[in-house]
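Chemist:
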């Protein structure tokens, strides 16, 4: 069955003139039949049936996209399970898990990296790496006194090692296997046991939210598909672009950056839109990012509310895809004695997690500097009553807002240049 599906994929990709990896990834996002099957046929069944369903659907997605290279994920899952089963709730187990999973990922980057973004086995594996390391941290927290844990850590802490079948279901759960989001083992077990519902014992009232997110995802797909060809990455490297006036290049980077972000947002929305159909826990805040247990995407705050802060935009991304970093890295670096040092170390790890390209390090370094400067500017504004009154003036409200948005998106766009162009000889020109 696996081989016949892969053959069909290759034939379709040839006919629509699309690369096989890109087509596979696009089709894999449409996991709605899985969610509907779970909702109407598996909800309320024994948890082991749910785990088997998630394991086999995840393995199918892995093979559909990457063929025999799915062994990378299987190997890391087995070793992670053995680490925790044999070493217990110890710092040694966490350290071994962290080092092994990160080294495996980085070696994969080194052996497969090119100067362009390729869809290969390392793409879902970077998500799995964070998931397995977070799993180790949560199990380690389960051996501590509750009084020594934060409220968030108490909610995620595990009292015992889940069974191997539960670990497989957690790791291959199709709703988070390819591009995220991150979620805890405890959240997954609650889903499998039927606990994620606003009506105990019955299916959750979540078809509406799922449809809304699907519609919003399609909206961003249309925007990206329509405008993307007019703002290609390669144009940034042309002589024509470099010869343009400075103001033109700034405006182009702003528009290009917005379109690039739409690409990621549409992927995330299409991924999470079937998840509310599987279960919800409305009204329950599990993180200080207000991301509840059905992993709802915060609908691109920069377009739905008045965003005036670079920090808000960054947090919007971290809440969805990188919840691991504030939870398991930033908050565990208190021993550094400086919030600034913790932020710098977290962003450094975030850059390393993305890969070895210099563009990743430049991107997150710029974001770090921008956030620092923004805070200093806001402090100056707060000390000046005159400046605080300017946005409220009818004559200055619109100009003030336009200037603020221009600076805001310029500061977001230029780091993305390095992030998307990867190598020093490319992003340095821009």
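In this note's numbering, the protein residues as written are 10 to 439. Ideal Cβ placement from N, Cα and C applies to all residues, glycine included. All values reported here derive from a predicted model rather than from experimental measurement.
Compute the beta-carbon to beta-carbon distance between residue 268 and residue 225, rounded to the nearest angstrom, for a pair I have assumed lies under 8 Å.
Modeler: Start at 1 with the first residue of the chain shown, and residue 268 comes out as number 259. Start at 1 with the first residue of the chain shown, and residue 225 comes out as number 216. The beta-carbon separation of residue 268 and residue 225, rounded to 16 Å, does not stay under the 8 Å limit for a contact.
Chemist: When DSSP labels each residue in this structure, what does residue 266 get in the three-state scheme?
Modeler: Counting from one through the chain shown, the residue named residue 266 turns up at place 257. If DSSP states are grouped into helix, strand and coil, residue 266 belongs with the helices.
Chemist: Do residue 229 and residue 197 count as a contact pair if the criterion is CB distance below 8 Å?
Modeler: Residue numbering aside, residue 197 sits at position 188 when the chain shown is read from its first letter. Residue numbering aside, residue 229 sits at position 220 when the chain shown is read from its first letter. Contact: no.
Chemist: I need the boundaries of the alpha helix (DSSP H) containing residue 417, first residue and last residue.
Modeler: Taking the chain shown and counting its residues from 1, the one referred to as residue 417 is at position 408. It spans 403-430 - the alpha helix (DSSP H) in which residue 417 sits, taken as one unbroken run.
Chemist: Okay, do the region 150-160 and the region 393-402 touch, 3+ Cβ pairs below 8 Å being the bar?
Modeler: Contact fails between the region 150-160 and the region 393-402, because fewer than three Cβ pairs, one in each stretch, are under 8 Å apart.
Chemist: Residues in the same chain with beta-carbon distance under 6 Å from residue 53, minus the five sequence neighbours each way, listed in chain order, please.
Modeler: Position 44 of the chain shown, counted from the first residue, corresponds to residue 53. For residue 53, where only same-chain residues beyond five positions count, the Cβ hits under 6 Å are 203.
Chemist: Going along the chain, which residues of its own chain have a beta-carbon closer than 7 Å to the beta-carbon of residue 214, five neighbours each way excluded?
Modeler: Your numbering for residue 214 matches position 205 in the chain shown. These residues qualify, in order along the chain: 207 and 208.
Chemist: Quick one: Cα of residue 130 to Cα of residue 363, how far?
Modeler: Start at 1 with the first residue of the chain shown, and residue 130 comes out as number 121. Start at 1 with the first residue of the chain shown, and residue 363 comes out as number 354. Residue 130 and residue 363: Cα-Cα distance of roughly 14 Å.
Chemist: Are the region 420-429 and the region 365-378 in contact at 8 Å, needing three or more beta carbon pairs?
Modeler: yes
Chemist: Restricting to runs no shorter than 4 residues, where is the alpha helix (DSSP H) found entirely within the region 217-267?
Modeler: 248-251
Chemist: Here's a check: name, in chain order, each residue in its chain whose Cβ is nearer than 8 Å to the Cβ of residue 432, leaving out the five neighbours to either side.
Modeler: On the chain shown, position 423 is the one that residue 432 refers to. These residues qualify, in order along the chain: 124, 366, 367 and 368.
Chemist: Do you know how far the Cα of residue 423 is from the Cα of residue 86?
Modeler: Within the chain shown, residue 86 is the residue found at index 77, counting from 1. Within the chain shown, residue 423 is the residue found at index 414, counting from 1. In a straight line, the C-alpha of residue 86 is about 37 Å away from that of residue 423.
Chemist: Using the beta-carbon count (16 or more within 10 Å), is residue 136 buried or exposed?
Modeler: Looking up residue 136 in the chain shown gives position 127. Buried, because 16 or more other Cβ atoms sit within 10 Å of the Cβ of residue 136.
Chemist: Less than 8 Å between the CB atoms is what I'm expecting for residue 59 and residue 201, so what's the real figure, rounded?
Modeler: By 1-based counting over the chain shown, the position of residue 59 is 50. By 1-based counting over the chain shown, the position of residue 201 is 192. Contact between residue 59 and residue 201 holds, with the beta-carbon distance rounding to 4 Å and staying under 8 Å.
Chemist: Report the option in 255, 250, 254 and 222 whose CA atom is closest to the CA atom of residue 276.
Modeler: Translated into positions along the chain shown, residue 276 becomes position 267. Comparing Cα-Cα distances from residue 276 to each of 255, 250, 254 and 222, the minimum goes to 222.
Chemist: Between the Cα of residue 420 and the Cα atoms of 176, 156, 180 and 260, which residue gives the shortest distance?
Modeler: Indexing the chain shown from 1 puts residue 420 at position 411. Closest by alpha carbon: 260.
Chemist: What three-state label does DSSP hand residue 366 in the structure shown?
Modeler: On the chain shown, residue 366 is found 357 positions in, with the first residue counted as 1. Coil, per DSSP.
Chemist: Apply the 10 Å Cβ neighbour rule to residue 4 and answer buried if 16 or more other Cβ atoms are within range, or exposed otherwise.
Modeler: Residue 4 is absent from the model: the chain starts at 10 and stops at 439.
Chemist: Expressed to the nearest angstrom, what Euclidean distance is found between the alpha-carbon atoms of residue 98 and residue 109?
Modeler: Here residue 98 refers to the residue found at position 89 when the chain shown is read from its first residue. Here residue 109 refers to the residue found at position 100 when the chain shown is read from its first residue. Answer to the nearest angstrom: the Cα atoms are 17 Å apart.
Chemist: Just how far apart, CA to CA, sit residue 263 and residue 405?
Modeler: Indexing the chain shown from 1 puts residue 263 at position 254. Indexing the chain shown from 1 puts residue 405 at position 396. Near 23 Å, if we compare the C-alpha coordinates of residue 405 and residue 263.
Chemist: So, at 7 Å on beta carbons, what are the nonlocal neighbours of residue 233 in its own chain, with the 5 sequence-adjacent residues on each side left out?
Modeler: In the chain shown, counting from the first residue as 1, residue 233 sits at position 224. Result list for residue 233: 268, 271, 272 and 275, in chain order.
Chemist: Within 10 Å of its beta-carbon, does residue 256 have 16 or more other beta-carbons around it, so buried, or fewer, so exposed?
Modeler: Counting from one through the chain shown, the residue named residue 256 turns up at place 247. Flag for residue 256 reads exposed.
Chemist: Looking only at C-alpha atoms, which of 147, 164 and 121 sits nearest to residue 107?
Modeler: Taking the chain shown and counting its residues from 1, one reaches residue 107 at position 98. The residue with the shortest Cα to Cα distance from residue 107 is 147.
Chemist: Runs of 3 residues minimum, wholly inside the region 340-396: which ones carry the beta strand (DSSP E) assignment?
Modeler: Complete beta strand (DSSP E) runs here, min 3: none at all.
Chemist: If you draw a straight line from the C-alpha of residue 295 to the C-alpha of residue 199, how long is it?
Modeler: In the chain shown, counting from the first residue as 1, residue 295 sits at position 286. In the chain shown, counting from the first residue as 1, residue 199 sits at position 190. Interpretation of residue 295 is limited by its pLDDT of 38, a score under 50 that renders its predicted location unreliable; the figure taken from the coordinates is listed afterwards. In this structure, the alpha-carbon of residue 295 lies about 13 Å from that of residue 199.
Chemist: Decide if the region 177-194 is in contact with the region 66-74; the criterion is three or more beta carbon pairs, one per stretch, under 8 Å apart.
Modeler: Touching, yes, given that three or more Cβ pairs across the two stretches are closer than 8 Å.
Chemist: Give the single residue among 162, 175 and 436 whose Cα lies nearest to the Cα of residue 337.
Modeler: On the chain shown, position 328 is the one that residue 337 refers to. For the residues 162, 175 and 436, the minimum Cα distance to residue 337 belongs to 162.
Chemist: Alpha carbon to alpha carbon, what distance is there between residue 341 and residue 352?
Modeler: If you number the chain shown from 1, residue 352 lands on position 343. If you number the chain shown from 1, residue 341 lands on position 332. Roughly 11 Å separates the two Cα atoms.
Chemist: Check residue 61 in the structure and name its three-state DSSP category.
Modeler: Residue numbering aside, residue 61 sits at position 52 when the chain shown is read from its first letter. DSSP places residue 61 in helix when its eight states are reduced to three.
Chemist: Quick check on the DSSP output: what are the complete alpha helix (DSSP H) runs of length 4 or more inside the region 109-157, in order along the chain?
Modeler: With a minimum length of 4 residues, the continuous alpha helix (DSSP H) runs that stay inside the region 109-157 are 131-150.
Chemist: Excluding sequence positions up to five away, which residues of its chain have a Cβ less than 7 Å from the Cβ of residue 251?
Modeler: For the purposes of this step, residue 251 is taken as residue 242 along the chain shown, with counting starting at 1. Closer than 7 Å at Cβ, skipping near neighbours: 438.
Chemist: Could you give the distance in angstroms between the alpha-carbon of residue 349 and the alpha-carbon of residue 335?
Modeler: On the chain shown, residue 349 is found 340 positions in, with the first residue counted as 1. On the chain shown, residue 335 is found 326 positions in, with the first residue counted as 1. If you take the alpha carbons of residue 349 and residue 335, they lie about 13 Å apart.
Chemist: Tell me which residue opens and which closes the alpha helix (DSSP H) that residue 81 is part of.
Modeler: Working through the chain shown from its first residue, we reach residue 81 at position 72. Segment 80-96, the alpha helix (DSSP H) holding residue 81.
Chemist: Quick one: what does DSSP say residue 192 is sitting in, helix, strand or coil?
Modeler: Taking the first residue of the chain shown as 1, we reach residue 192 at position 183. Here residue 192 sits in coil by DSSP.
Chemist: Using C-beta distances below 6 Å, list every residue in its chain close to residue 133, excluding the 5 sequence neighbours before and after it, in chain order.
Modeler: Indexing the chain shown from 1 puts residue 133 at position 124. Exclusion of the five residues before and after residue 133 leaves 186 and 187 as the residues of its chain whose Cβ lies within less than 6 Å of its Cβ.
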